[in-house]
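The working numbering numbers the first residue of the sequence shown as 188 and each following residue consecutively. Built from N, CA and C at the ideal position, the CB exists for glycine as well.
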Amino acid sequence: MISDSDWGPRDWCANGIGGEEQQENLAGPDSVPAPEPAPFATEPPPASASVTRARTDGRGGRSGRGERGGRKRRERREDDEGNESRAEVADPAARARDICLRLLTGSARTRRQLADALRRKEIPDEVAEEVLDRLEQVGLIDDAAYAEAWVEQRQRHRGLARRALANELRAKGVAGDVVQRAVAQVEPEDEEAAARRLVERKLRSTAGLDRQVRLRRLAGMLARRGYPEGLALRVVRSALDEEESYDAELLDEESFDLDSTD
Numbered sequence: 188m189i190s191d192s193d194w195g196p197r198d199w200c201a202n203g204i205g206g207e208e209q210q211e212n213l214a215g216p217d218s219v220p221a222p223e224p225a226p227f228a229t230e231p232p233p234a235s236a237s238v239t240r241a242r243t244d245g246r247g248g249r250s251g252r253g254e255r256g257g258r259k260r261r262e263r264r265e266d267d268e269g270n271e272s273r274a275e276v277a278d279p280a281a282r283a284r285d286i287c288l289r290l291l292t293g294s295a296r297t298r299r300q301l302a303d304a305l306r307r308k309e310i311p312d313e314v315a316e317e318v319l320d321r322l323e324q325v326g327l328i329d330d331a332a333y334a335e336a337w338v339e340q341r342q343r344h345r346g347l348a349r350r351a352l353a354n355e356l357r358a359k360g361v362a363g364d365v366v367q368r369a370v371a372q373v374e375p376e377d378e379e380a381a382a383r384r385l386v387e388r389k390l391r392s393t394a395g396l397d398r399q400v401r402l403r404r405l406a407g408m409l410a411r412r413g414y415p416e417g418l419a420l421r422v423v424r425s426a427l428d429e430e431e432s433y434d435a436e437l438l439d440e441e442s443f444d445l446d447s448t449d
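This is how it looks when you write it as structure tokens:
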């Protein structure tokens, strides 16, 4: 039978009984303690699948940055628009100038047209008047020049009479005296010549109809363009008479040719 005294220090340690005390007794008071073992190196925990994909998938990373960048740009744009709207409210004169300049960029406008546009945009009347006065001073609004250009263009390309031209200018807010000076540049002979050109273009479309029907239709066309009734009837009768005379001459020539062949 083995007694406790037969166990050595190694056996005690192996069995977990008194190992530490036995080692201390064997080492002695002057011995150097054994160094502590170095701790085991531990690996970091594995990253989750979503984090790994975000790191390895370049498209996913760029997509996330793109969404954040787009959201920031939208926020900045909304802030800029909000600042502009607040600035317009704070300075209605600047807003009125901007509205007028945008309209004048496309084509010339009368003062009345610009005033109506500002009123639709709810610009105060006193502010609108101040801005329009300033635009007139610098020559951006000139109703007289506008009226002259309008009369020249519409009379040349549409063949409108002075009365129709005056009505159009008044509808655009041009003052009466300015309208009269503008339409005065159309001479009576120019007006009659324009009426003749209109009738000649429409004469063929009424061929084959009764003379009185043609007379009414052609005269009504001239009346819609502002020509007086007397002038319209005179021009239409003259055009019909010339056409009939020309047709009669053709018939005489044809009959003469037939007689000569016999």
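- Collapsing the DSSP output to three states places Lys389 in a helix.
- Annotation: the continuous alpha helix (DSSP H) that includes Tyr333 extends over Asp330 to His344.
- Under the three-pair Cβ rule at 8 Å, the segment 378 to 392 counts as touching the segment 409 to 428.
- Look at Leu327 here: in three-state DSSP terms it is coil, with no helix or strand label.
- In the DSSP annotation of this structure, the continuous segment of the alpha helix (DSSP H) that includes Ile286 starts and ends at Pro279 to Gly293.
- Contact annotation: the segment 391 to 408 does not touch the segment 353 to 360, with fewer than three C-beta pairs closer than 8 Å.
- Counting along the chain, the unbroken alpha helix (DSSP H) around Glu355 starts and ends at Arg349 to Ala358.
- Per the coordinates, the alpha-carbon of Ala280 lies some 29 Å from the alpha-carbon of Gly363.
- DSSP places Pro375 in the helix class (H, G or I) of the three-state scheme.
- Membership of Leu396 in any alpha helix (DSSP H) is not indicated, and neither H nor E is assigned to it by DSSP.
- Residue range Arg298 to Arg307 is occupied by the alpha helix (DSSP H) that includes Ala304.
- A residue is called buried once 16 or more other Cβ atoms fall within 10 Å of its Cβ, and Val373 is buried on that count.
- Per DSSP, reduced to three states, the secondary structure at Gly413 is coil, with no helix or strand assignment.
- For Ala369, the uninterrupted alpha helix (DSSP H) run begins and ends at Gly363 to Val370, by DSSP.
- An exposed status is given to Ala380, since fewer than 16 other beta-carbon atoms sit within 10 Å of its beta-carbon.
- By the C-beta density criterion, Asp330 is buried, having at least 16 other C-beta atoms within 10 angstroms.
- Less than 8 Å divides the Cβ of Val370 from the Cβ of Ala353.
- Counting every other CB atom within 10 Å of its CB across the protein chains shown gives Arg349 a total of 16 or more, marking it as buried.
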